[in-house]
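In terms of my numbering, the sequence shown has 173 at position 104, counting the first letter as 1, and numbering is strictly consecutive.
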Amino acid sequence: MELSKVGLAPATSMFMHSPNGREKTDDFRPSVHDSDGLLMINGRGERLWRPLANPSTLQVSAFMDNSPQGFGLMQRERDYANYQDLEAHYEKRPSLWVEPVGNWGPGAVVLTEIPTQSEIHDNIVAFWKPAQPLAAGSEYRFSYHLNWGAQPEENPQAIVVSRTASGRADIAKPTPKRLFVIDYQVQGAKPAQMPEPKVRSNAGVISNVVLRDNPANNGYRLSFEFDPGEVTLAELRAELTLQEARPVETWLYRWTL
């Protein structure tokens, strides 16, 4: 009997809340999570960052790829002030980076986000799923390295997402619109010219896209408004385009009601 549901290099973690989507929580701690994002470097060398969420309903995302260079659940926020937990010390939780050895072929990085109301539950799962089922009686070999640490995958020239926050777009009155704020940190010298931002969604309406310098982290701050309209789920994507050849993370996010 073939195996159609296979998860290679599985990792689990916990995400309860952060400045992105805190409207669902009532907690003295600004953030509660073991990991805050899924980092992927696909077979084309693109860096993809997907902030984690604690959704209202079960969410499964599949990021199609061919021969991935790596993926892992990262804990990028390292400032105690953003957790305020003297027992758990979430700022010290390790990240895990999976580095495939050899060509894994086509498939997908699968991210599962499970609703939870307690931090004792590991509600985040990530793994690689081959595109084709594993045939009965056949032999398959998959090798990979597991790297733990504060930032086990680091590119000294990359421009990376350091923080994602969201809230109501109009604080004066109720509105379905959401304001997203994404901070990018520049590792190494800052580019001479400002990047060109591009934000897209497969549903709803994107507006008021603004990119500005962020001297607080030697980077940039991207903000935009998202009006979901009548939809209850949308896939958002933000990119920064540079004239120089340099790795810049693409921000991905699944918004749910």
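Note that the Cβ used here is the ideal one computed from N, Cα and C, for glycine as well.
Given a cut-off of 9 Å, decide if residue j and residue i are closer than it, judged by their beta-carbon atoms.
i    : j    : result
L107 : M143 : yes
I193 : F84  : yes
L326 : P284 : no
R290 : L280 : yes
F50  : Y322 : With the chain covering only 70 through 326, there is no way to say anything about residue 50.
V55  : N216 : The chain is shown from 70 up to 326; residue 55 falls before or after that span and cannot be answered.
S73  : P260 : no
G171 : N135 : no
R116 : V229 : yes
A195 : S82  : yes
V255 : N287 : yes
S130 : E71  : no
A303 : I251 : no
Just to confirm the assignment, what range does the beta strand (DSSP E) spanning residue i have?
i    : result
H214 : S212 to G218
N277 : V274 to N283
K267 : E265 to S270
Y322 : T319 to T325
P199 : I193 to P199
P175 : P175 to E182
L305 : L302 to T310
L117 : R116 to P120
Bridge partners for residue i per DSSP, in chain order?
i    : result
D252 : R232 and R290
Q128 : E182
D134 : G176
R247 : R237 and F295
State yes or no: is the beta carbon of residue i nearer than 9 Å to at least one beta carbon in chain B?
i    : result
G174 : No chain B is present in this structure, which holds just one protein chain.
Return the residue from the list the options that minimises the CA-CA distance to residue i.
i    : options                   : result
F97  : I251, L155, A272 and N135 : L155
V179 : P199, Q153 and S100       : P199
P137 : N89, W197 and S130        : W197
S231 : E223, A238 and G206       : E223
E146 : H190, P184, T185 and P99  : P99
L101 : R113, K161, A219 and N111 : Looking at the sequence itself, residue 101 is Val, so the reference to Leu does not match. Checked all of R113, K161, A219 and N111; the closest Cα to V101 is K161.
Q226 : Y209, Y253, P163 and G236 : Y253
Exercise. Mind pulling the beta strand (DSSP E) runs of 3 or more residues that sit fully within the segment 72-114?
Worked result: 77-82, 84-86 and 106-110
Exercise. Which full runs of the beta strand (DSSP E) of 3+ residues lie inside the segment 136-172, going along the chain?
Worked result: 139-143 and 164-170
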